[in-house]
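To convert, note that position 41 of the sequence shown is 122 in our numbering; the numbers rise steadily by one, no gaps. From the three backbone atoms N, C-alpha and C, an ideal C-beta is built for every residue, glycine too. Here is the structure we will look at, set down as structure tokens.
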Amino acid sequence: MKCRISYYFAIKNLPHETIDWSNIEPTTPIAVTWGVFPGCEIAQPTVVDPLSFRVWKNEAYDAWINGWANIYPAESESRKIIENIHDNYCLVTLVDNDYVKASVLFEVLEKAIEK
């Protein structure tokens, strides 16, 4: 049975190591959006690909520290916020696989925050 919500979750653990989790096959991409127009082929497919997510995750963590954080002085509040996000927050992608029904993503997030 296919999960209603699919996710990839990654957190920076050590300077050069991350831990990630998923509730789906680790190499299976998920189609999430597309455009359908009369007389045309399907346009703008978007996929969530676990392999690409892992690469992007590394780029994101690197950009926070080596890009955005370096814009601000070392002891500034802005830099501290970015460093805190880098060190303590995780990257998550959620996909509601039942696009016909009303989305439950915000409900899922609210319940996760409550715990």
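What do you get for Ile-163, buried or exposed, if any count of 16 or more other CB atoms within 10 angstroms of its CB means buried?
buried
Neighbour-count burial assignment, Val-181, 16 or more Cβ in a 10 Å radius:
exposed
According to DSSP, residues forming a beta bridge with Ser-87:
Val-176
Can you have a look at Val-176 and say buried or exposed, based on whether 16 or more other CB atoms are within 10 angstroms of its CB?
buried
Check whether the Cβ atoms of Ser-87 and Asn-178 sit closer than 8 Å, and answer yes or no.
yes
Taking only the alpha-carbon atoms, compute the straight-line gap between Val-173 and Ser-157 and give it to the nearest angstrom.
The straight-line gap from Cα to Cα measures roughly 27 Å.
Just to confirm the assignment, what range does the alpha helix (DSSP H) spanning Tyr-170 have?
For Tyr-170, no alpha helix (DSSP H) segment is defined, and its DSSP state is neither H nor E.
Residue range of the alpha helix (DSSP H) that includes Thr-142
Before going on, a small fix: residue 142 reads as Tyr here, not Thr. That run of the alpha helix (DSSP H) goes 131-144.
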